[in-house]
Amino acid sequence: MNLWENELKKRLQRIETAGCYRQLHPVEGAVGSALTRNGKKLINLSSNNYLGFAGLKEVQDGARQALERGGSSTASRLIVGTDEATVNLEKEIAAWKGKEAALLFGSGFLANIGVLSSLLRRGDAVFSDELNHASIIDGIRLSHAERYRYRHRDMGQLEQQLVDAETRGIQHKLIVSDSVFSMDGDEAPLLQLIELKKKYGAALILDEAHASGVWGAEGAGLAHHYGVADEVDLLMGTFSKAFGAYGAYVAGERVWIDYLINSARSFIYTTALPPATIGTIAAALEVVRSAEERRCMLKQKADWFRTHLRERGWETAGSTTQIIPLLIGSSERAMKVSQQLIDEGILAVAIRPPTVPAGRARLRFSLMATHTEEELEHVVKVLARMSVPSSI
Ligand SMILES: *Cc1c(COP(=O)(O)O)cnc(C)c1O
5 MNLWENELKK
15 RLQRIETAGC
25 YRQLHPVEGA
35 VGSALTRNGK
45 KLINLSSNNY
55 LGFAGLKEVQ
65 DGARQALERG
75 GSSTASRLIV
85 GTDEATVNLE
95 KEIAAWKGKE
105 AALLFGSGFL
115 ANIGVLSSLL
125 RRGDAVFSDE
135 LNHASIIDGI
145 RLSHAERYRY
155 RHRDMGQLEQ
165 QLVDAETRGI
175 QHKLIVSDSV
185 FSMDGDEAPL
195 LQLIELKKKY
205 GAALILDEAH
215 ASGVWGAEGA
225 GLAHHYGVAD
235 EVDLLMGTFS
245 KAFGAYGAYV
255 AGERVWIDYL
265 INSARSFIYT
275 TALPPATIGT
285 IAAALEVVRS
295 AEERRCMLKQ
305 KADWFRTHLR
315 ERGWETAGST
325 TQIIPLLIGS
335 SERAMKVSQQ
345 LIDEGILAVA
355 IRPPTVPAGR
365 ARLRFSLMAT
375 HTEEELEHVV
385 KVLARMSVPS
395 SI
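Read left to right, the sequence shown gives residues 5 to 396 (our numbering).
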């Protein structure tokens, strides 16, 4: 074996020793509330398809019709990758968000790294919740701004950091946060974030990946739910979760979007989303906006499930949403509990470091509006028989 292969083997062994080795597991039928893995049917509590729209005929038809325009957009947006359907979709997204303009990105990951790395320059300061998504962290890493990381939801510490930046004479301050946190299922303190952003003249970007389609009127997001969307400078979100599609958006006032078109490298130097994906998103946007009933079902199911877990004394972090963690502690133990659930026909993937902090490994339950009562009752019954640590 050559030098590199030896080194990679060693690195992988270290990952394995830490109980953090990752493997791919092919599944079938992931768009449903139950899927098949290794020939075994499992209740699917691990997808982001919160409203069940990934399997909806109307959404799939959107893709089928658009396929007639070809398999590829053939170029980046600024070359010949912008067609009428794309422009119309961006207008609709802007209207849905109540902003002047919107811009599509290839994915949420590309949106966050492009937006943050282009807005933030040397001499600017960025303030980021420690539990923000990896794509936000990487976007910040790509910038040359001063970085402040505040403890999860700790507005006192954020204010201290804003004061510190002010004292140092930093002019352009930018706060960035998930609105619903992907691994804890809790909410950013939006009202306080807005208060602080105003007090210190900072900008605010919210990542609504897990809230888009789920929270607020017409599923516009958590900022809309709390009636503060006007105060948020950029609302980012993805179509890969509740929309059951792929791709991402950023919405804001015209000047923000024009700037991104001119400077976000993950927008400029990549091929535009293909027609089928534009068609899927457009169809999904229509059904998402009118999906009050499914949103309501999802919330009821999530509340019911979380209440059951808490009544047993299990820790579900600050979850108030469709994402419900069950904190376990060590990676080994989380993997073991996850395997025990698989044996009982339940798929709830173990989330381990570095995705979550050390000692905070967990099972992450993602509820769907389409989970049946029998499915959820089975999960609760199985969990009741298991010995999960009541505190970690
Ligand atoms: C999933 C997610 C992303 C990335 O979105 P993709 O479209 O899957 O690339 C970004 N931010 C948050 C908070 C997410 O949960």
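Note that CB positions come from ideal geometry on N, CA and C, so glycine has one too.
Check                                                                                                                      : Outcome
Where the alpha helix (DSSP H) through P329 begins and ends                                                                : Looking at the DSSP string, P329 is not in any alpha helix (DSSP H); the run it does join, the beta strand (DSSP E), is 327 to 333.
Beta-carbon contacts of D142 that lie in its chain and below 6 Å, excluding the five residues immediately before and after : I117
Closest residue to S4 among A268, P278, A321, G317 (Cα-Cα distance)                                                        : No answer is possible for residue 4: it lies beyond the span of the chain, which begins at 5 and ends at 396.
Check: S186 C-beta below 7 Å from any heavy atom of ligand 1                                                               : yes
Beta-carbon proximity check, A192 vs D133, cutoff 8 Å                                                                      : yes
Buried versus exposed call for G102 [16 or more other C-beta atoms within 10 Å across all chains shown]                    : exposed
Length of the line joining the Cα atoms of E315 and A321                                                                   : 14 Å
Nonlocal neighbours in the same chain, by C-beta distance under 7 Å from V291, ignoring five residues either side          : F57, L60, E62, V63
Buried versus exposed, by CB contacts within 10 Å (16 or more), S139                                                       : buried
Check: G189 C-beta below 7 Å from any heavy atom of ligand 1                                                               : no
Unbroken stretches of the alpha helix (DSSP H), 4 residues or longer, contained in the region 246 to 275                   : 258 to 267, 269 to 272
Check: H29 C-beta below 7 Å from any heavy atom of ligand 1                                                                : no
Element boundaries [alpha helix (DSSP H), containing L289]                                                                 : 279 to 293
Contact test: D182 Cβ vs ligand 1 heavy atom, cutoff 7 Å                                                                   : yes
Closest residue to A221 among G241, Q164, R299, E378 (Cα-Cα distance)                                                      : R299
Whole-angstrom distance between L302 and M372, CA atom to CA atom                                                          : 6 Å
Proximity test, F113 beta-carbon vs ligand 1 heavy atom, cut-off 7 Å                                                       : yes
Member of K44, T242, W219 whose CA lies at the smallest distance from the CA of V232                                       : W219
M301, enclosing alpha helix (DSSP H) - first and last residue                                                              : 296 to 315
Inter-residue spacing [alpha-carbon to alpha-carbon] between I272 and G283                                                 : 21 Å
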